[in-house]
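Take a look at the structure set out below.
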Ligand code: ATP
Ligand code: MG
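So, in structure tokens, the structure goes:
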């Protein structure tokens, strides 16, 4: 029942709805007692021969009026209680979503999207059920039990009541025992469902790869296995589910047996009238529902609390990077960037991805980062924006260590074009103005021109209003990349980070974009990570990474002089480009 404690903050916030709902529910439970009493009375008067036509008519009218009143009241409490729980569902979902947007990449390195989706859907629904049906059954079964029992004890016979309730302790034990089993099994079942969700999500996003590698059958087989697992786990839950009702019905049957057997003896001994015995059995009948409800309550509460455990596991995980709260950055100063003897390893990883990196980017400079694949270029780019925790005082932005920055303020200084570009399933325009919804049409036009997208747009029937499909599925790789660049340019960021952002365009387009950037961003800082040396050759300074260390650095000419990896790569790429050009011309 701890789940109700955990949901207390919500119940308190919506106490009006809960109080009205619960009061109506209690009133219903009390009113329900009147008809059995009336029936008992009628029978006694019939036997005594004191029942007249008018009295009968009154009693029947009263019972009918009660039925109508109960109808209205039952509707009302349902409306209040279930209405409140729908608000809970929405609140939890918003809270989860808000929380997810705060989490750093480390969190997503560990969790699977499918499981998070399962939390947002199935688990939150299970919690919602606890707060609606659970509270209903808790209040209803408690009130009904207390009221029916009091009526039985006060109006009829405490001896008979006590005897009829002998099986009750057994019932309490059984529901408690089943409840614990159910909690654990339901937890497993929900986790398995999360895995299933993950599988579906991954297969559908990767459907093209799946097809290309003709892996449909193996994937179906592995999906079936996961689905079987979910089914098995749910059957294990269902087995316990199925135990509740028969056990409770059996014990209620025993109660009836005692009630009638012992009751009849009492009538024989004239300790009880026949009318009282009938009323007693009707009251006992009233207890069937609360007893069953108790079983369901246990069931629902255990499901809700298993889901709550899963949900709070995520909600209680603090965002790894909260940033300093105070520092918002001096206004309008140009960003100088510095890394001082930075050594970085990804959480849980043994070896360092970046070692002893010391570099300075002065305001307005353009800096190139090159190096073999896997040498740490992307990691270096991401660290400027504090995506991962770094040792204190190793990265400075505008002279302030990044951990002292307010994270949002820090990140808004950067325009970041990630290597694995991502588009939202909206229109091209919405994707471009993503970082600044109020971007003016001129700003968007300028960004489009600078990212060399004009020609592409002219060929699209709806131009800027063209929807791009999920993740930009309807666009070419190069188009997606350039939309990513335009998105970063629109905000006119202090620092532009291009992570291999020109890899999917041809050499001429690359040259066009780079010359636009040189013109447009003069006085602003730009950092370009690339595989093609041509993308960085005009930079003020170029760093060559090798296995996470700075192996060479200098201007293009200095590096050519040094005749190291950079010079070798540059010559090779130039030779290739010349060959390609000749091929095109021939
Ligand atoms: P490429 O040229 O292929 O883009 P890169 O130079 O950008 O490569 P990074 O992406 O920075 O290289 O990766 C550097 C190293 O860090 C790699 O060995 C990679 O396996 C590791 N790595 C990258 N991302 C993570 C992560 N999220 N968790 C753990 N290790 C990671
Ligand atoms: Mg990279």
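Numbering (the UniProt record's numbering), first residue to last: 1 to 586. Heads up, the beta-carbon is just placed ideally off N, CA and C, and yes, glycines get one too.
Check, Outcome
"Enumerate in chain order the residues of its own chain whose CB-to-CB distance from residue 538 is below 8 Å, with the five nearest sequence positions on each side excluded.", "366, 514, 518 and 556"
"Quick one: what's got a C-beta closer than 8 Å to residue 26's C-beta in the same chain, skipping five residues either side?", "139 and 143"
"Would you kindly work out how many angstroms separate the C-alpha atoms of residue 467 and residue 77, rounded to a whole number?", "46 Å"
"Using 7 Å as the threshold, is the C-beta distance between residue 3 and residue 130 below it?", "yes"
"Per DSSP, which one or two residues make a beta bridge with residue 366?", "526"
"Is the segment 32-52 in contact with the segment 108-124, if contact means three or more CB pairs nearer than 8 Å?", "no"
"Mind reading off the beta-carbon distance from residue 186 to residue 237? Whole number of angstroms is fine, and I expect it under 8 Å.", "5 Å"
"Along the beta strand (DSSP E) that carries residue 341, what are the first and last residues, could you check?", "337-344"
"Is the closest heavy atom of the ligand MG to the C-beta of residue 377 under 6 Å?", "yes"
"Whole-angstrom Cβ separation of residue 241 and residue 299, contact assumed at under 8 Å?", "6 Å"
"Give me the residue from 359, 55 and 501 with the minimum Cα distance to residue 534.", "501"
"Under 7 Å Cβ to Cβ from residue 132, same chain only, skipping five residues before and after it: list those, please.", "81, 82 and 85"
"Among 374, 571 and 577, whose alpha-carbon lies nearest the alpha-carbon of residue 419?", "374"
"In this structure, does DSSP put residue 215 in helix, strand or coil?", "coil"
"Mind checking which residues open and close the beta strand (DSSP E) that includes residue 355?", "354-361"
"Give me the Cα-Cα distance between residue 405 and residue 552, rounded to the nearest whole angstrom.", "31 Å"
"Give the single residue among 437, 432 and 459 whose Cα lies nearest to the Cα of residue 446.", "432"
"With distances taken Cα to Cα, identify the nearest neighbour of residue 208 among 70, 135, 376 and 473.", "473"
"Cα separation between residue 444 and residue 429?", "8 Å"
"For residue 181, which residues of its own chain have a beta-carbon under 6 Å away from its beta-carbon, when the five flanking residues on both sides are left out?", "240"
"Should residue 386 be labelled buried (16 or more other beta-carbon atoms within 10 Å of its own) or exposed?", "buried"
"Tell me the rounded alpha-carbon separation between residue 411 and residue 488.", "12 Å"
"Compute the distance between the beta-carbons of residue 319 and residue 1, then report whether it is under 7 Å.", "no"
"Start and end of the beta strand (DSSP E) containing residue 414?", "414-417"
"Relative to the C-alpha of residue 230, which candidate in 191, 377, 437 and 264 has its C-alpha closest?", "191"
"Is residue 145 closer than 7 Å to residue 152 when the C-beta atoms are compared?", "no"
"Decide if the segment 158-174 is in contact with the segment 337-351; the criterion is three or more beta carbon pairs, one per stretch, under 8 Å apart.", "no"
"Taking only runs of the alpha helix (DSSP H) that begin and end inside the segment 65-116, which ones reach a length of at least 4 residues, in chain order?", "105-110"
"How far does the beta strand (DSSP E) with residue 542 in it extend, from its first residue to its last?", "541-546"
"In the DSSP output, what is residue 396 paired with across the bridge?", "338 and 401"
"For the candidate residues 531, 64, 149 and 494, whose alpha-carbon lies nearest to that of residue 337?", "494"
"Residue 553 lies in the beta strand (DSSP E); which residues open and close that run?", "549-554"
"Taking residue 451 as the reference, which of 313, 166, 521 and 349 has the closest Cα?", "521"
"Just how far apart, CA to CA, sit residue 369 and residue 8?", "54 Å"
"So the alpha helix (DSSP H) residue 182 belongs to, where does it begin and stop?", "168-205"
"Measure the C-alpha to C-alpha separation of residue 377 and residue 531 and round it to an integer number of angstroms.", "10 Å"
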